[in-house]
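Below is one structure, written out as structure tokens, with a few remarks after it.
Numbering (the working numbering), first residue to last: 97 to 308.
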């Protein structure tokens, strides 16, 4: 496991962020830092993603800011150029995975089958995103996959919430869980950053409760 993954493991929950406006990046980053989850996976689903990463990384260099939903090498270049410290993709794309790893940046591709895990193992990866977590079988499926692949740990994302994150965090093969419930697009658009900070703090407390 890379040093970056060890840091994310300590944080436990990675806020998955979708930002339509770059001006929301810094208020959101402040909520994450002060709430106790000093990291973010900013998804490349919007035009504001690149600039949002740039602003967060510059203002909070101690924060672990990564890029999610990276589907192409061009997006990877833009994300890394903006300051992304890790790259996440929803599926396993060998071309993008190899490209990012050759740049020396941690890469976590998504998998949900044994075949995809074995393909990812060709790149010596030992931490993989499990996506979409709940629709693909949840923790029960992760445990089934983890049994034959003893050297692999997982970062599940998709359908994880305050209601079920505890059971995921309690399993020792889970590095961290991705979740968006504390940073929902609705709360961001409405400027409810006090509410976001409260939810972030609650999420951080859950990690402490389960992992100490």
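Glycine is no exception: its CB is placed at the ideal position from the N, C-alpha and C atoms.
None of these values were measured; they are calculated from a predicted model.
Unbroken beta strand (DSSP E) run spanning residue i, endpoints
| i | result |
| --- | --- |
| residue 237 | Not the beta strand (DSSP E): residue 237 falls in the alpha helix (DSSP H), residues 234 to 242. |
| residue 136 | 135 to 139 |
| residue 112 | 109 to 113 |
| residue 221 | That residue, residue 221, is in no beta strand (DSSP E); it is neither H nor E in DSSP. |
| residue 250 | 249 to 252 |
| residue 312 | The chain is shown from 97 up to 308; residue 312 falls before or after that span and cannot be answered. |
Whole-Å CB distance - residue i paired with residue j, under 8 Å assumed
| i | j | result |
| --- | --- | --- |
| residue 275 | residue 134 | Actually they are not in contact, since the Cβ atoms of residue 275 and residue 134 sit about 15 Å apart, beyond 8 Å. |
| residue 172 | residue 149 | 12 Å between Cβ atoms; not a contact. |
| residue 235 | residue 219 | Incorrect: roughly 25 Å between the Cβ atoms, too far for contact. |
| residue 100 | residue 182 | 6 Å |
| residue 122 | residue 272 | Not a contact, Cβ separation roughly 23 Å. |
| residue 225 | residue 205 | 6 Å |
Run of the alpha helix (DSSP H) containing residue i, from where it starts to where it stops
| i | result |
| --- | --- |
| residue 127 | 121 to 131 |
| residue 281 | 281 to 285 |
| residue 302 | 289 to 307 |
| residue 262 | 261 to 265 |
Cβ pair residue i, residue j closer than 9 Å
| i | j | result |
| --- | --- | --- |
| residue 223 | residue 249 | yes |
| residue 166 | residue 125 | no |
| residue 118 | residue 137 | no |
| residue 240 | residue 233 | yes |
| residue 199 | residue 179 | no |
| residue 292 | residue 131 | yes |
| residue 216 | residue 193 | yes |
| residue 238 | residue 269 | yes |
| residue 266 | residue 306 | yes |
| residue 116 | residue 139 | no |
| residue 229 | residue 264 | yes |
| residue 175 | residue 145 | yes |
| residue 227 | residue 127 | no |
Q.
With three or more C-beta pairs closer than 8 Å as the rule, is the region 208 to 215 touching the region 102 to 117?
A. Output reads no: the region 208 to 215 does not touch the region 102 to 117.
Q) Using 8 Å as the Cβ pair cut-off and three pairs as the minimum, do the region 249 to 264 and the region 279 to 288 touch? A) Because the criterion of three Cβ pairs below 8 Å is not met, the region 249 to 264 and the region 279 to 288 do not touch.
Q: At 4 residues or longer, and completely inside the region 148 to 203: list those alpha helix (DSSP H) runs for me, N to C.
A: With a minimum length of 4 residues, the continuous alpha helix (DSSP H) runs that stay inside the region 148 to 203 are 169 to 178, 190 to 198.
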